[in-house]
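Notes follow once the structure below has been shown.
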Amino acid sequence: GAGVSQTPSNKVTEKGKYVELRCDPISGHTALYWYRQSLGQGPEFLIYFQGTGAADDSGLPNDRFFAVRPEGSVSTLKIQRTERGDSAVYLCASSLIDLAGQGLSGANVLTFGAGSRLTVL
Amino acid sequence: GQNIDQPTEMTATEGAIVQINCTYQTSGFNGLFWYQQHAGEAPTFLSYNVLDGLEEKGRFSSFLSRSKGYSYLLLKELQMKDSASYLCALDYKLSFGAGTTVTVRA
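Here you go:
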């Protein structure tokens, strides 16, 4: 597509519920990233994919968080047993290529989606 | 690990110049980004520095000193629409600073 699309734009859920957030990256972008942003903070890295595989998932806070990208395009971030502290805006971004983080000529320029605002009551 | 520091807030007058500093410590370095984020919106790319020196792009310029772990973003001829958060980010490990909120006053 023309840009990075994220759905839903807003999600309100109850503590303990399961949530899925979807990201549709720019067509042809091989790298996809998930970030979490709380009010007044910068984006916090969660995970990134190169193709179908998770190249770096070191930012996932615990095992309640999981992400998949089965066909190398759309990705889903899954949160189990949600907690109030999970409330944040979840940002997805994609980039044209990722040479193991080498940032060749600005190739790691990230294009962000508008985000999914998650509220856990 | 990575540590990125930038001021929390800055205020300037329309038409003026503002310089946003960013200092960082990192175990690896590939390049440094600056992103702009308006309230309630996604970050958008502004600039990227790999080598030391100044990169100029219209009203915005970004400077990098790798030996000092230091960068700045210079915003010239400020306009009201420049009121936003400015995020310093490292290409290595894709880490972002907390952002500097710039408020432009008439």
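Going down the list, the sequences are from chains A and B. The opening position of the first sequence corresponds to residue 837 in my numbering, with each subsequent residue numbered one higher. The opening position of the second sequence corresponds to residue 115 in my numbering, with each subsequent residue numbered one higher. Glycine is no exception: its CB is placed at the ideal position from the N, C-alpha and C atoms. Keep in mind it's a predicted model, so treat the numbers as computed, not measured.
Going by DSSP, leucine 927 of chain A is part of the beta strand (DSSP E) stretching over 924-931. Approximately 11 Å separates the beta-carbon atoms of glutamate 128 of chain B and leucine 189 of chain B; this is outside 8 Å, ruling out the contact. Unbroken beta strand (DSSP E) runs of no fewer than 3 residues, entirely contained in the region 172-218 of chain B, are found at 174-179, 184-189 and 198-204, following chain order. For aspartate 166 of chain B, no CB of chain A lies under 8 Å from its own CB, so it is not counted at the interface with that chain.
Residue-level contact check: proline 121 of chain B does not touch chain A, since none of the beta carbons of chain A fall below 8 Å from its beta carbon. With contacts defined as CB atoms closer than 8 Å, alanine 924 of chain A and arginine 872 of chain A qualify as a contacting pair.
A direct Cα-to-Cα measurement between alanine 903 of chain A and leucine 146 of chain B gives close to 27 Å.
Using a Cβ-Cβ cut-off of 8 Å, alanine 950 of chain A counts as an interface residue toward chain B, since at least one Cβ of chain B sits closer than that to its own.
Contact between the region 122-140 of chain B and the region 897-914 of chain A is absent: fewer than 3 CB-CB pairs across the two stretches fall below 8 Å.
An exposed status is given to serine 141 of chain B, since fewer than 16 other beta-carbon atoms sit within 10 Å of its beta-carbon.
Chain-order list of chain B residues neighbouring glycine 878 of chain A: Leu201, Phe210, Gly211, Ala212 and Gly213, by C-beta distance under 7 Å.
At least one beta carbon of chain B lies nearer than 8 Å to the beta carbon of phenylalanine 881 of chain A. By DSSP's assignment, arginine 872 of chain A forms a beta bridge with A:Glu880 and A:Tyr926. Flagged as an interface residue toward chain A: phenylalanine 159 of chain B, by a C-beta distance shorter than 8 Å. Counting along the chain, the unbroken beta strand (DSSP E) around tyrosine 138 of chain B starts and ends at 132-140. Valine 848 of chain A sits exposed, since fewer than 16 C-beta atoms from the chains shown fall within 10 Å of its C-beta. Look at tyrosine 869 of chain A: its C-beta is under 8 Å from a C-beta on chain B. Flagged as an interface residue toward chain B: leucine 927 of chain A, by a C-beta distance shorter than 8 Å. In this structure, the beta-carbon distance from leucine 932 of chain A to histidine 865 of chain A falls below 8 Å. At least 8 Å separates the CB of alanine 153 of chain B from every CB of chain A. Cβ neighbours of arginine 920 of chain A within its own chain (closer than 8 Å, five residues either side excluded): Lys851, Val956 and Leu957. By the neighbour-count criterion, in which 16 or more other beta carbons inside 10 Å mark a residue as buried, proline 861 of chain A falls on the buried side.
If you draw a 10 Å sphere on the C-beta of threonine 217 of chain B, you find fewer than 16 other C-beta atoms in it, and that means exposed. Just measuring C-alpha positions, the residue of A:Pro844, A:Ser930 and A:Thr947 sitting nearest phenylalanine 885 of chain A is A:Ser930.
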